[in-house]
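Protein chains: 2
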Amino acid sequence: MKGVAGLNRHSGVPLYGQIAQDLEAQFAGAYEPGDRLPSVAELAEHYAVNRLTVHEALDVLVRRGLVTTVRGKGSFVALPIIRWDVRAGQDASLTQVMGARGHAVVNRVLGVVEDADPGLTGELGAAGALQRFASIRYVDDEPWSITSTWFDPDRFPRLDVLWRDRSSLHQVLLQEYGVQMKRSTRTFAALAADATEAEILRVPVASPILQARGLNVDEHGVAIAAVEHRFRGDRIQFSVELG
Amino acid sequence: MKGVAGLNRHSGVPLYGQIAQDLEAQFAGAYEPGDRLPSVAELAEHYAVNRLTVHEALDVLVRRGLVTTVRGKGSFVALPIIRWDVRAGQDASLTQVMGARGHAVVNRVLGVVEDADPGLTGELGAAGALQRFASIRYVDDEPWSITSTWFDPDRFPRLDVLWRDRSSLHQVLLQEYGVQMKRSTRTFAALAADATEAEILRVPVASPILQARGLNVDEHGVAIAAVEHRFRGDRIQFSVELG
DNA sequence: TAGTGGTCTAGACCACGCT
DNA sequence: GCGTGGTCTAGACCACTAT
């Protein structure tokens, strides 16, 4: 069974690319999501290439989200991607939407720091420095997004204490300050995860990240918070009604 | 100058990751965008590691868009990312916006095929199969996005002929059919480029792609086209004012 | 202990750009 | 021809999982 798959060493296409393509083609039919692939050693023998070459092929598929590798266990066809529409309208927070569907959403506040970003301070109409909250959102114990939220501490005193380990910021604002927070503007970009983000979100370095930045306002349209979300690209999409 | 950079072989962090971090840190200060980095061989000697290990470090930075490598020439600090806000409101097409700023926008129609996607057919209220236009958008001769656009051929007969090699679809629709096309809904996701997309957009495989799907409507709010853009993540961001 | 994927080395050859 | 990055091999060692 050597070289049976028809690898071409002089086609200009690297062997690991050909192997990745060959494996991907088999995912439609021969493999089910969750199936274990042959081990690196077995694949290396099957394709008659070095183990490293197989590893590079798997690396391509891992970065594309088609394969998951676990050290000591094996390589697996990735589970079908669960995409959630975070419909942009109104006041529906992810915590509420997902909670209604029976998912456990936990928001963990990592910490609060002073941040004197002049642009954001102006947008929020603050007099002094802002408080920046860093938090991670987990859905069913899986990390989904990293969020930075900037508030004016003069407008929301003691928020750093009140928001500690409570899932929903929306709830805290409503119950403690009587403020109904809504999304106002959002800017979307596709980024690649750096080492820190990758570790927090448990994805490979350089995985796609959907970045959503913008402003949140109260019921009178007054800006009360600046937000930056970094969603795992394999878990979230964002829907918007325009104009 | 061997091992001078303080690489730690027993920290659990792979050497290529440490090297990537070390290089990235130097980009703020020691290097300017466009500067050539030392060659792989020089870096290997500097860090006292194998060439392959350096290559893996550069690979991380390339995938994150921080470094560009050119075979036969060298590795270079990537040029500053030009991000363009495609403000979502109204009828402003990218062609118009960029043209007004002095950039040459060319839209090349790759081809037209029949596509009987039942979901899209229903959304467009079409009776029969749709026409799917595949096109690539170039800004200053650089590929920026791959677009698929679905039309009802009964509503826009001969569009496949009229839109060949004309930059602006908006213009064609306005001049030939008297229709003012606007964006209606958009869904954003972050994906990883597959081999085909990567080649067309001239980016590495698995680079971040900002996918925007949705509907376009005429001045009466009637759906006339379904659209899917795949933007290079390093070239485009999308801004939206929410309701 | 055996099997898995992850990293690293030394060395080789290739494709490409420049001079 | 020479230097560049890209690919590939053979072999080694490691970290982790399961039994």
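Just so you know, the protein sequences line up as chains A and B, in that order.
Per my numbering, residue 1 is the first one in the first sequence, and the count goes up by one each step.
Per my numbering, residue 1001 is the first one in the second sequence, and the count goes up by one each step.
Ideal Cβ positions, reconstructed from N, Cα and C, are used throughout, including at glycine.
**Q.** Where K1002(B) falls: helix, strand or coil (DSSP)
**A.** Numbered from 1 along the second sequence, position 2 holds the residue referred to as residue 1002(B). No answer about K1002(B) holds up, because its pLDDT of 39 lies below 50 and its placement is not dependable.
Q. Whose Cβ in chain A lies nearer than 9 Å to the Cβ of G1072(B)?
A. Your numbering for residue 1072(B) matches position 72 in the second sequence. Within chain A, no residue comes near G1072(B); the closest Cβ sits about 15 Å away, beyond 9 Å.
Q) At which residue ranges does the segment 154-196 of chain A contain complete alpha helix (DSSP H) runs of 4 or more residues, listed in the order of the chain? A) 159-162 and 169-172
(Q) Tell me the DSSP secondary structure of L1007(B) in three-state form. (A) Start at 1 with the first residue of the second sequence, and residue 1007(B) comes out as number 7. Looking at L1007(B) - three-state DSSP - the assignment turns out to be coil, as it is neither helix nor strand.
Q: Drop a sphere of 10 angstroms on the beta-carbon of N1216(B), count the other beta-carbons inside from all chains shown, and report buried for 16 or more, exposed for fewer.
A: In the second sequence, the residue the question calls residue 1216(B) occupies position 216. Result: buried.
Q) Does DSSP put L1015(B) in a helix, in a strand, or in coil? A) Within the second sequence, the letter at position 15 stands for residue 1015(B). Note: L1015(B) maps to helix in three-state DSSP.
Q: Assess, as a yes-or-no matter, whether the segment 1092-1112 of chain B is touched by the segment 1125-1137 of chain B under the definition of 3 or more beta carbon pairs within less than 8 Å.
A: yes
Q.
Closest to I81(A) by C-alpha separation, out of A1048(B), A1190(B), E1219(B) and R1232(B), would be which residue?
A. On the first sequence, position 81 is the one that residue 81(A) refers to. Per the Cα distances, A1190(B).
**Q.** As assigned by DSSP and simplified to three states, the class of E1219(B)
**A.** Translated into the one-based positions of the second sequence, residue 1219(B) becomes position 219. Three-state DSSP puts E1219(B) in coil, outside helix and strand.
Q. When burial is assigned at 16 or more other CB atoms within 10 Å of the CB, is A100(A) buried or exposed?
A. Working through the first sequence from its first residue, we reach residue 100(A) at position 100. Exposed, since its Cβ has fewer than 16 Cβ neighbours within 10 Å.
**Q.** alpha helix (DSSP H) segment containing P1118(B), residue limits
**A.** Indexing the second sequence from 1 puts residue 1118(B) at position 118. That run of the alpha helix (DSSP H) goes P1118 to E1123.
Q) In this structure, what does DSSP give as the bridge partners for A134(A)? A) Within the first sequence, residue 134(A) is the residue found at index 134, counting from 1. For A134(A), which the question treats as bridged, DSSP gives the partners G111(A) and S148(A).
**Q.** Residue closest to L1058(B), alpha-carbon to alpha-carbon, out of V1097(B), Q1018(B), A1048(B) and R1202(B)
**A.** One-based indexing of the second sequence puts residue 1058(B) at position 58. The shortest C-alpha separation from L1058(B) is found at Q1018(B).
(Q) What does the alpha-carbon distance come out to for the pair V222(A) and R183(A)? (A) Here the question's residue 222(A) lines up with position 222 in the first sequence. Here the question's residue 183(A) lines up with position 183 in the first sequence. The alpha-carbon atoms of V222(A) and R183(A) are separated by roughly 11 Å.
Q) Is it true that the CB of H1229(B) sits closer than 8 Å to the CB of S1168(B)? A) The residue given as residue 1168(B) occupies position 168 in the second sequence. The residue given as residue 1229(B) occupies position 229 in the second sequence. No, the Cβ-Cβ distance between S1168(B) and H1229(B) is not below 8 Å.
Q) Does any C-beta atom of chain B lie closer than 8 Å to the C-beta of F27(A)? A) In the first sequence, counting from the first residue as 1, residue 27(A) sits at position 27. Closer than 8 Å: no.
Q.
What residue range does the beta strand (DSSP E) around G965(B) cover?
A. Examination of residue 965(B) is not possible in this model, given that chain B is present from 1001 through 1243 alone.
Q. Listing by chain order, which chain B residues have their CB less than 7 Å from the CB of D194(A)?
A. By one-based count along the first sequence, residue 194(A) stands at place 194. What D194(A) touches in chain B: R1064.
Q: Establish whether the CB of K1002(B) and some CB of chain A are separated by less than 8 Å.
A: Within the second sequence, the letter at position 2 stands for residue 1002(B). Only weak support is given to the placement of K1002(B): the predicted model assigns it a pLDDT of 39, under 50, and the question is left unresolved by the model.
Q. Hey, out of A1116(B), P1157(B), F1238(B) and G1034(B), whose CA is closest to G1074(B)'s CA?
A. The sequence position of residue 1074(B) within the second sequence is 74, counting from 1. It is G1034(B).
Q. Which residues in the same chain have their Cβ closer than 6 Å to the Cβ of T1185(B), if we skip the five residues on either side of it in sequence?
A. For the purposes of this step, residue 1185(B) is identified with residue 185 of the second sequence, where counting begins at 1. Within the same chain, T1185(B) has close Cβ partners G1214 and L1215.
Q | Limits of the alpha helix (DSSP H) - the one that V54(A) falls within | A | Reading the first sequence from its first residue, position 54 is the one you call residue 54(A). Residues R51 to R63.
Q) In its own chain, which residues sit with a C-beta less than 6 Å from the C-beta of Y1016(B), not counting the 5 before and 5 after it? A) Position 16 of the second sequence holds residue 1016(B). Here the set comprises T1053, E1056 and A1057.
Q) Alpha carbon to alpha carbon, how far is D117(A) from W163(A)? A) Position 117 of the first sequence, counted from the start, is the residue given in the question as residue 117(A). Position 163 of the first sequence, counted from the start, is the residue given in the question as residue 163(A). C-alpha separation (whole angstroms): 22 Å.
Q) On the premise that L1130(B) lies in contact with D1152(B), defined as a C-beta separation below 8 Å, what is that separation, rounded to the nearest angstrom? A) Along the second sequence, read from residue 1 onward, the residue named residue 1152(B) stands at position 152. Along the second sequence, read from residue 1 onward, the residue named residue 1130(B) stands at position 130. About 6 Å separates the two Cβ atoms, so the contact holds.
Q) Which residue comes first and which comes last in the beta strand (DSSP E) that contains V203(A)? A) In the first sequence, residue 203(A) corresponds to position 203, counting from 1. Taken as a continuous stretch (DSSP letters only), V203(A) belongs to no beta strand (DSSP E), as it is neither H nor E.
(Q) Could you check whether V1067(B) and L1061(B) sit closer than 8 Å to each other, using their CB atoms as the reference points? (A) Working through the second sequence from its first residue, we reach residue 1061(B) at position 61. Working through the second sequence from its first residue, we reach residue 1067(B) at position 67. Taking 8 Å as the Cβ cut-off, L1061(B) and V1067(B) qualify as a contacting pair.
Q | Simplified DSSP assignment, three categories, for Q1021(B) | A | Within the second sequence, the letter at position 21 stands for residue 1021(B). Correct three-state label for Q1021(B): helix.
Q: Determine, using beta carbons only, whether F1238(B) and L1201(B) come nearer to each other than 8 Å.
A: Residue mapping note: residue 1238(B) aligns to position 238 of the second sequence, counting from 1. Residue mapping note: residue 1201(B) aligns to position 201 of the second sequence, counting from 1. Not in contact: F1238(B) and L1201(B) (Cβ atoms no closer than 8 Å).
Q. Any C-beta of chain B sitting closer than 8 Å to the C-beta of L58(A)?
A. Stepping through the first sequence from its first residue, residue 58(A) is reached at position 58. No, L58(A) does not count as interfacial toward chain B.
Q.
Could you check whether W150(A) and A212(A) sit closer than 8 Å to each other, using their CB atoms as the reference points?
A. In the first sequence, the residue the question calls residue 212(A) occupies position 212. In the first sequence, the residue the question calls residue 150(A) occupies position 150. No, these two residues do not count as a Cβ contact at 8 Å.
Q: Out of A193(A), S148(A), D141(A) and G125(A), state which residue places its alpha-carbon closest to the alpha-carbon of R155(A).
A: As a working note, residue 155(A) is residue 155 in the first sequence. When each option's Cα is compared against that of R155(A), the closest is G125(A).
Q | CB-CB length for L242(A) against V1086(B), believed under 8 Å | A | Taking the first sequence and counting its residues from 1, the one referred to as residue 242(A) is at position 242. Taking the second sequence and counting its residues from 1, the one referred to as residue 1086(B) is at position 86. The pair is not a contact, with the Cβ atoms about 12 Å apart (cut-off 8 Å).
Q | Reduced DSSP secondary structure (H/G/I, E/B, other) of L43(A) | A | Your numbering for residue 43(A) matches position 43 in the first sequence. Helix.
Q.
By the three-class DSSP mapping on this structure, what secondary structure does A1225(B) have?
A. In the second sequence, residue 1225(B) corresponds to position 225, counting from 1. The answer is strand: DSSP assigns A1225(B) an E or B state.
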